[in-house]
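Under my numbering, read the sequence shown as residues 1 to 310, first letter to last. Ideal placement from N, C-alpha and C gives every residue a C-beta, glycine not left out. Every value quoted in this text rests on a predicted model; they were computed, and no experiment measured them. These notes concern the structure reproduced below.
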Amino acid sequence: MNLSTRQMRAFLHVARIGNFTRAAEQAHITQAGLSILVREMEKQLGCRLFDRTTRVVSLTPEGRRLLPVVERLVTDLDDVAAELGAAGEAARRTLRIAATPLVSSHLLPRVFNSFHAAHPQVSLRLFDADLRDVEAMVAAGDADMGLGFFFKAAPGLQRTPVGRFHLMRVAPVDGGNGGNDGDASRATPAFGQAPWSALRGDELIGLPPGNPIQKVIDQHLGAIGLADAQRPAFNFFGTLISMVEAGFGTAVMPTFALAACRRHRVRTDVLTKPKVGLDFYRIAKRGAHETEAMQAFVATLEKALPALSR
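This is the structure we're talking about:
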């Protein structure tokens, strides 16, 4: 037996109305088509469901027994379909993005603002977390996409480059602010270029040695004789920038931190000879459907990132 929903709906129309012609009109099919569906259903069940006369169509005892079961099945199916449709529509109108703290606080607000202006119907939700938690949220389906410097793809995730940043030197201005009040109006960042060799006279601070970005930085520091696993290390770029401003040393970080640096009295210079680029990625669950909202957000992000790195 392989009853279809079309057969069950045809059965319900006839059972409720008691007339094939009017039931066919309500079902928006021809009377012949409705009769075929009912006959097919009766053939599969091996019994008659209706007694037919020239004036009356009534349920047989078998039809009366079947009626509440079919009503329940069709009602449950309609209810679930409506719930799934509503959930699908809500999902299409909601975009959940996970990103590392500095990306969340200094890059994405401007991107969110541009996207919302063009797509006011889409609700954006932002989760700020460390790199591993960003990957975990995307893998678990708790976020639609993740953003950050992912040097290799985690199992089950697909990564796509959406921008490129370069490594820069972040140095104190006038030897550091000496503990000033941190008023953003007093920030006087400069932006230029400097060779890696210019770091030789600086006291360096950085991220922990195991950080993927710091590993790239250490490779180039090692090339100019500045490899030092014991230098002061801090977990977050925001902390590094504040420590530089306070005069505790000079740091190397990607230019995606420029927006944060401009809130502090620090000098920023892109490092050259060589100029080192780092790809900025979005990650998504492999095989997951990419909605129109996701595509539109990525397009907005790719357009905005170049201006945020200079």
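If you count every other CB in all the chains shown that lies within 10 Å of the CB of residue i, and 16 or more means buried, which is it?
i, result
"Gln7", "buried"
"Pro254", "buried"
"Asn180", "Caution applies to Asn180, whose pLDDT of 43 falls short of 50 and renders its modelled position unreliable; the value that the coordinates give is listed next. Exposed is the call here."
"His13", "buried"
"Thr5", "exposed"
"Ser123", "exposed"
"Val170", "buried"
"Arg22", "exposed"
"Met243", "buried"
"Val266", "buried"
"Gly141", "exposed"
"His289", "exposed"
"Arg245", "One point to set straight first is that residue 245 is Glu, not Arg, in the sequence displayed. Glu245 should be labelled buried."
"Thr188", "Any answer about Thr188 is weak, because its pLDDT of 47 lies below 50 and its placement is not dependable; what the coordinates show is given next. The residue is exposed, with fewer than 16 neighbouring Cβ atoms inside 10 Å."
"Pro61", "exposed"
So what's residue i in DSSP terms, helix, strand or just coil?
i, result
"Ser197", "helix"
"Ala171", "strand"
"Pro208", "coil"
"Phe11", "helix"
Nearest by alpha-carbon distance to residue i: which of the options is it?
i, options, result
"Phe237", "Thr250, Gln230, Ala229", "Thr250"
"Val216", "Gln121, Leu167, Thr300", "Leu167"
"Val56", "Gly18, Arg48, Leu131", "Gly18"
"Phe127", "Ala299, Pro120, Met145", "Met145"
Does the Cβ-Cβ distance between residue i and residue j come in under 8 Å?
i, j, result
"Met294", "Leu95", "yes"
"Gly206", "Val252", "yes"
"Thr100", "Gly148", "yes"
"Ala304", "Ser114", "yes"
"Leu138", "Ile283", "The amino acid at residue 138 is misidentified as Leu; the sequence shows Val. Yes, they are a contact pair."
Taking CB distances under 8 Å as the criterion, tell me whether residue i reaches chain B.
i, result
"Leu67", "Looking for chain B here will not work: only one protein chain is present."
Beta carbon of residue i: closer than 7 Å to some heavy atom of the ligand COA?
i, result
"Phe280", "For the structure depicted, the ligand COA is absent and the ligand set is empty, with no information on it obtainable."
### Task
Jot down the residue ranges of each uninterrupted beta strand (DSSP E) in the segment 67-136, minimum 3 residues, whole runs only, in chain order.
94-99, 123-128
### Query
Which runs of the alpha helix (DSSP H) spanning at least 4 residues fall entirely within the segment 210-297, listed in chain order?
212-223, 237-245, 258-261
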